[in-house]
Each structure stands twice: as structure tokens, then as C-alpha cells.
Amino acid sequence: NVTPNFVREGTLLACAEMLSGGTTTFNDMYFYPEASIQASLQMGMRASIGLVVLEFSTNYANNAASYIAKGTEVRDQYKTDSLVSFNFSPHAPYTVSDESLIQINMLAEQLDIGIHMHLHETQNEVIQSQQTYGMTPLHRLSKLGLLSARLSLAHCVHMTELEMQLLAEQCCHIAHCPASNLKLASGIAPITKCIEYGINVGLGTDGAASNNRLDMFAEMRLAALLAKGQSGDATAVSAYRAIEMATINGAKALGLESKIGSVEVGKCADLIAVKMSDLNLQPCYDPVSHIVYVASRENVSHVWVNGDLKYYQPQAQQGVFNGVEPQELSDIVQQWQHKMSKH
Numbered sequence: 001n002v003t004p005n006f007v008r009e010g011t012l013l014a015c016a017e018m019l020s021g022g023t024t025t026f027n028d029m030y031f032y033p034e035a036s037i038q039a040s041l042q043m044g045m046r047a048s049i050g051l052v053v054l055e056f057s058t059n060y061a062n063n064a065a066s067y068i069a070k071g072t073e074v075r076d077q078y079k080t081d082s083l084v085s086f087n088f089s090p091h092a093p094y095t096v097s098d099e100s101l102i103q104i105n106m107l108a109e110q111l112d113i114g115i116h117m118h119l120h121e122t123q124n125e126v127i128q129s130q131q132t133y134g135m136t137p138l139h140r141l142s143k144l145g146l147l148s149a150r151l152s153l154a155h156c157v158h159m160t161e162l163e164m165q166l167l168a169e170q171c172c173h174i175a176h177c178p179a180s181n182l183k184l185a186s187g188i189a190p191i192t193k194c195i196e197y198g199i200n201v202g203l204g205t206d207g208a209a210s211n212n213r214l215d216m217f218a219e220m221r222l223a224a225l226l227a228k229g230q231s232g233d234a235t236a237v238s239a240y241r242a243i244e245m246a247t248i249n250g251a252k253a254l255g256l257e258s259k260i261g262s263v264e265v266g267k268c269a270d271l272i273a274v275k276m277s278d279l280n281l282q283p284c285y286d287p288v289s290h291i292v293y294v295a296s297r298e299n300v301s302h303v304w305v306n307g308d309l310k311y312y313q314p315q316a317q318q319g320v321f322n323g324v325e326p327q328e329l330s331d332i333v334q335q336w337q338h339k340m341s342k343h
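Structure below.
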């Protein structure tokens with residue numbers, strides 16, 4: 001059974017994994033949001049907490065009204081904490097009724113918080129909605145008035161171009177979760193097309209149960225490679241674009257772009273350091289390309305949230321090779337890098 005302690009300790013583990021891999025902010029929807037908040041504050045992470053809403057009963061709440069009431073109570077308790085923000089998180093159109101969605105939209109406007117939910121993750125989800133409501137989940141949300149700049153949507157794998165255009169016109173956001181979509185055989189989201197239509201696309205991992213890793217370096221690389229393979233265009237989702245998706249685009253989707261997502265005067269100092277001296281990152285001619293296509297979470301050395309150091313990797317002894325000393329090899333690589341940079 002899911003309990004507050006289960007959620008708190010699971011979130012502690014997730015925060016440790018995310019921080020050590022260079023993630024400073026996360027968005028999460030789950031039961032007992034106060035337990036997630038306690039864990040994130042203990043670890044010093046920035047958290048966007050989804051106030052989950054479902055129609056059916058769980059250990060946490062009995063019905064949609066109960067989920068909403070408990071969620072708003074948690075929001076009222078922690079709304080002044082600078083590291084915590086909130087959104088309503090109706091799980092998905094197929095688990096939340098029209099009446100509840102309308103109420104959630106009204107409350108989100110009143111409280112000035114976002115709405116986050118899963119949408120068009122599988123083909124079956126779209127087909128079932130057409131059979132039940134006579135329209136796709138997205139058009140149902142549109143009919144109910146939910147499409148706006150406060151709405152962020154996870155997955156969006158099965159989308160028509162007309163639906164992409166609709167999302168762009170209403171300034172909605174997409175959380176692209178490439179690894180999860182592949183693992184669950186959901187498909188590959190048409191991200192290149194979505195970007196062409198002007199939709200703000202961020203990156204996510206989905207939950208650990210449908211990904212196994214909370215690794216934004218892996219998601220950046222996968223998103224960039226999938227877009228190229230899907231579109232047949234080697235310039236699709238460049239390294240620069242992938243980093244934007246993992247940083248400022250995600251901040252925009254969470255309504256936090258005035259505070260985080262880029263290094264600018266007046267913004268919070270949420271920063272990471274990557275050890276570009278590590279052997280797997282040498283030689284380096286384009287740091288941006290290296291971050292996306294070469295670097296991994298193991299290369300992260302320091303993480304700051306709001307200017308405070310929250311994680312660091314001590315200068316451990318490098319691996320030992322029988323045939324060469326790591327520093328000797330590094331010196332050789334640096335010499336070649338210097339020579340080749342002149343051409």
C-alpha cells in the first residue's frame with residue numbers, strides 16, 4: 001500500500017538520483033504531495049508539485065472532490081516556500097470526468113497555477129476517446145476550455161498536424177518523454193513537427209517505473225537522435241535545441257521562466273558544473289555538442305540550487321590503466337586538440 005512514508009523515502013531516493021545527475025528542478029504528480037515536498041526540501045531541490053486528481057478511490061483520497069480538497073490544502077500550507085510551486089495534475093482525460101476538469105480549470109485560474117496531465121500517450125487512448133466521446137482527448141480538452149498557456153501535456157505521441165496547430169495557437173506546452181515512450185512501446189512523438197509549429201517542447205523522464213532512469217543527459221541525447229532518425233534530417237533537434245528543451249523550455253512549461261532555466265541577471269542561481277577534463281569528454285571542440293552527445297550524469301561534479309551547493313563529487317582517484325596513466329593520456333589528447341584546433 002502507498003503510504004506517506006513510502007512516498008517521502010521514494011522521493012528522497014529520486015532527488016538523490018536527480019541531483020547527482022545535474023537536475024535541479026523536477027515536476028511530479030503523485031499521492032501524498034506533502035510527503036514529496038518534505039523530501040525535496042530536505043534535499044534542497046526545487047519542486048513543482050502536481051496535485052493529482054482521479055475519479056476513483058485510493059488510500060490517499062476517495063473521489064475527485066477529495067483529491068482537489070486535499071491538494072489545495074497542501075498548496076495553502078506550502079505556497080510561501082520559494083523552492084516549491086504547484087500545479088493541478090488531473091492524471092489523464094480517461095481518468096478524470098468533464099465536470100472535474102472544468103472545476104480544475106476554474107481553480108487553476110483562481111489560484112494562478114498551472115495544469116499538467118498525460119495526453120495522447122497511446123494510440124488506444126485516442127481510439128477509446130473517439131468511441132466514448134466522439135472526439136480525441138485533445139479536442140475534448142479544447143471543448144472544455146482547458147487549452148491555454150497554463151497547460152503542460154506529457155507525451156503527445158499520437159498527434160495530427162491540426163492538433164499540433166491547435167496546441168501552438170493556444171500556447172500549450174509539451175513534456176517530451178522519449179525513453180518512456182520507447183520502453184512502453186507507445187511510439188515516437190512528432191517533436192520536430194511540434195517545434196516547427198511553434199509549440200514549446202520540454203523534456204521529461206516520466207516516472208521511474210516507466211523509464212528506470214531519472215537522467216536528463218540520457219533524455220537529451222535520445223531526443224536529439226530520435227528526431228533525426230524520425231525526420232530523416234540530421235539537423236533536426238540540434239544540440240543547442242536539446243539543451244533548451246532540458247532547461248528554459250521546461251521552465252516555461254512550469255511557469256518558472258522568470259526564475260530559472262537560463263543564466264541571467266536576476267534569476268536564481270540553479271547551476272551545475274560538468275568535469276570537461278574527464279577522459280570521455282576529451283578532446284572537446286564544441287562544448288554544447290559534447291554536453292548532449294558525449295557527457296553523462298557521471299561527469300557532473302557540482303550542483304547548486306538557489307546559489308547553495310547541494311551536491312558535489314569529491315576529487316576521487318581516476319581509474320587505473322595497465323598501459324597508460326590517465327594524466328599522461330589526457331596530456332596527449334590536449335596536445336592533439338591544440339594542434340587540430342588550428343585547422
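This note's numbering puts the first residue of the sequence shown at 1, with every later residue one more than the last. We put the beta carbon where it would ideally sit given N, CA and C, even for glycine. Remember, it's a predicted structure, so these values are computed and weren't measured experimentally.
Query raised in the report: The beta strand (DSSP E) spanning SER85 covers which residue range?
Result: For the purposes of this step, residue 85 is taken as residue 85 along the sequence shown, with counting starting at 1. 84-90 is the span of the beta strand (DSSP E), which, as asked, contains SER85.
Query raised in the report: Are at least three pairs of beta-carbons, each pair with one atom in the segment 179-199 and one in the segment 154-161, less than 8 Å apart?
Result: Output reads yes: the segment 154-161 touches the segment 179-199.
**Report entry** From PRO283, VAL126, LYS79, residue whose alpha carbon lies closest to that of MET340
**Finding:** Residue numbering aside, residue 340 sits at position 340 when the sequence shown is read from its first letter. Selected option, being the one with the closest Cα: PRO283.
Query - Contiguous alpha helix (DSSP H) assignments of at least 4 residues, all confined to the segment 187-215 - result: The segment 187-215 contains these whole alpha helix (DSSP H) runs: 191-196.
Query raised in the report: Leaving out the 5 sequence neighbours to the left and right, which residues in its chain are closer than 7 Å to VAL292 when beta-carbon positions are compared?
Result: Against the sequence shown, residue 292 aligns to sequence position 292. Close CB contacts of VAL292 within its chain, under the 7 Å cut and outside five residues either way in sequence, are with MET220, ARG221, ALA224, ALA239, ALA242, ILE243 (chain order).
Query raised in the report: So, MET45 versus THR25, is the Cβ gap smaller than 8 Å?
Result: On the sequence shown, position 45 is the one that residue 45 refers to. On the sequence shown, position 25 is the one that residue 25 refers to. The Cβ atoms of MET45 and THR25 sit closer than 8 Å to each other.
Query raised in the report: Considering only residues of the same chain and omitting the five flanking positions on each side of THR95, which have a CB-CB separation below 7 Å?
Result: On the sequence shown, position 95 is the one that residue 95 refers to. Correct list, in chain order: LEU54, GLU55.
Query - Straight-line gap, PHE6 to HIS118 (C-alpha atoms, nearest Å) - result: The sequence position of residue 6 within the sequence shown is 6, counting from 1. The sequence position of residue 118 within the sequence shown is 118, counting from 1. PHE6 and HIS118 have their C-alpha atoms roughly 23 Å apart.
Query raised in the report: If we cut at 8 Å on Cβ distances, does GLU73 have a partner in chain D?
Result: The structure shown contains no chain D; it is built from a single protein chain.
Query raised in the report: Helix, strand or coil: which one does DSSP assign to MET29?
Result: One-based indexing of the sequence shown puts residue 29 at position 29. Reduced to three states, the DSSP call for MET29 is strand.
Report task. Per DSSP, which residues does ILE174 bridge with? Please list them. Result -> Walking along the sequence shown from the start, residue 174 turns up at place 174. Under DSSP, ILE174 shares a beta bridge with LEU153, VAL201.
Query raised in the report: Going by other Cβ atoms of all chains shown within 10 Å of its Cβ, with 16 needed for buried, is HIS338 buried or exposed?
Result: Position 338 of the sequence shown, counted from the first residue, corresponds to residue 338. Exposed is the call here.
Query raised in the report: Should MET106 be labelled buried (16 or more other beta-carbon atoms within 10 Å of its own) or exposed?
Result: Here the question's residue 106 lines up with position 106 in the sequence shown. With a 10 Å radius around the Cβ and a threshold of 16 neighbouring Cβ atoms, MET106 comes out exposed.
**Report entry** MET164, enclosing alpha helix (DSSP H) - first and last residue
**Finding:** As a working mapping, residue 164 is identified with position 164 in the sequence shown. Taken as a continuous stretch (DSSP letters only), the alpha helix (DSSP H) holding MET164 covers 161-169.
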